[in-house]
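Its first residue numbered 122, the sequence shown is counted upward by one per residue in the numbering used here.
Scroll down for the structure; my scribbles are underneath it.
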Amino acid sequence: MFGAGVVPLVPGFAKTALVEELPGDEGHDHEAEVIIGTNQPDDIVTGGGPQQIWGLNGADTIHAGGGPDVIDGGNGTDSVFAGGGPDTVDGGNGNDYLSGGGGPDDLNGGNGDDVLIGGMAPDILTGGLGADVFVYRAASDAPAHGEGDSHAPGEDDGHHDDDGGGGPGSSGQETITDFEPGKDQIDFSAFGTVAGLSDDPGAYLIWAVQQGEDTMLYVDTDGSVDGDHPAEIGILLLGVEASSLTVDDFIL
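Below, the structure is given as structure tokens:
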């Protein structure tokens, strides 16, 4: 029923699968392996190499490996952890928990109130339908453009896509594609020092700069309000008016 390179889990049972190398795939590392879950809660842990992972129904937990993976959690409240490669993750229906890994990932929560966590490389995050929370736990999750970038509130950062090319993530910038002020939130509570949104040059901690139709969000995570305006975190919010953001859009 299934060809080489496809691992179906046992239908009708919650199943744990550790997939490192599939039978018959020697010499075909360039081909994606396919792992198919069940309609019960699955726990899937994969190894290296490109893989396609389908959780199907059920509250699944999926840990991707080092390859460029495509992951669909399916229906249910899923927890998906991207691996070391550039992964594409769709949470599907349900209130999902999606965590970026070491590569530039594309995370889409789908339907439901989802939690999306930026990883260590520039990611593209899409919450989808529902009230979603975008979480940042380290400055390395979304570093501001350039070493030692400094921007005062209201100051243009000079980073524009004048060539007209690209799209989300094309400049290597952490991007949230569908942030809805008043509905979604961005969580900076892990830093402890971020106190709020400000346009006061002497008291800034989070500030927003309008760039065409988008907003560049800068965050000072170390609390050094000494006048040099350091930005440790930079996040591009597509289609968002800077003036529409309030402190209620953040978890601090």
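Each residue gets a CB set at the ideal place from its N, CA and C atoms; glycine is no exception.
In this text the structure is predicted, and so the values were computed from the model without any measurement.
Worksheet item: For the beta strand (DSSP E) that L237 lies in, which residues bound it at each end?
Response: Going by DSSP, L237 is part of the beta strand (DSSP E) stretching over 236 to 238.
Worksheet entry | Residue closest to Q172, alpha-carbon to alpha-carbon, out of N229, D208, G251, G222 | Nearest to Q172 by alpha-carbon distance, out of N229, D208, G251, G222, is D208.
Worksheet item: Do you know how far the Cα of I238 is from the Cα of I157?
Response: Between I157 and I238, the C-alpha separation is close to 24 Å.
Practice prompt. Locate the beta strand (DSSP E) running through T336, then write down its first and last residues.
Written response: 335 to 340 is the span of the beta strand (DSSP E), which, as asked, contains T336.
Worksheet item: How many angstroms separate the CA atom of A363 from the CA atom of L373?
Response: Computed Cα separation, rounded: 18 Å.
Worksheet item: From G223, P302, D227, G222, pick the residue whose C-alpha is nearest to that of D211; which is it?
Response: The residue with the shortest Cα to Cα distance from D211 is D227.
Worksheet item: So D253 packs on D308, CB below 8 Å; how close in whole Å?
Response: So it is not a contact: roughly 11 Å between Cβ atoms.
Practice prompt. Run the CB neighbour count on A352, radius 10 Å, all protein chains shown included, and call it buried at 16 or more, exposed below.
Written response: Flag for A352 reads buried.
Discussion item. Let's test the definition: count the other Cβ atoms within 10 Å of the Cβ of S220 and tell me whether it reaches 16, buried, or not, exposed.
Written reply: Buried, by the Cβ-count rule.
Worksheet item: To the nearest angstrom, how far is it from the Cα of L338 to the Cα of V256?
Response: Note on geometry: alpha-carbon atoms of L338 and V256 lie some 14 Å from one another.
Worksheet entry | V330 burial status per 10 Å Cβ neighbour count (16 or more: buried) | Buried, since its Cβ has 16 or more Cβ neighbours within 10 Å.
Discussion item. What would DSSP say about S310, mapped onto helix, strand or coil?
Written reply: Reduced to three states, the DSSP call for S310 is coil.
Worksheet item: So is D369 buried or exposed if we call it buried at 16+ other beta carbons inside 10 Å?
Response: Burial call: exposed.
Worksheet item: Helix, strand or coil: how does DSSP classify G269 here?
Response: Model confidence at G269 stands at a pLDDT of 37, short of 50, so the residue's coordinates are unreliable and nothing is read from them.
Fill in: Three-state secondary structure assigned by DSSP to D399
Any question about residue 399 goes unanswered here, given that the chain covers just 122 to 373.
Fill in: Selection from L359, G222, I165 that minimises the alpha carbon distance to G205
Nearest to G205 by alpha-carbon distance, out of L359, G222, I165, is G222.
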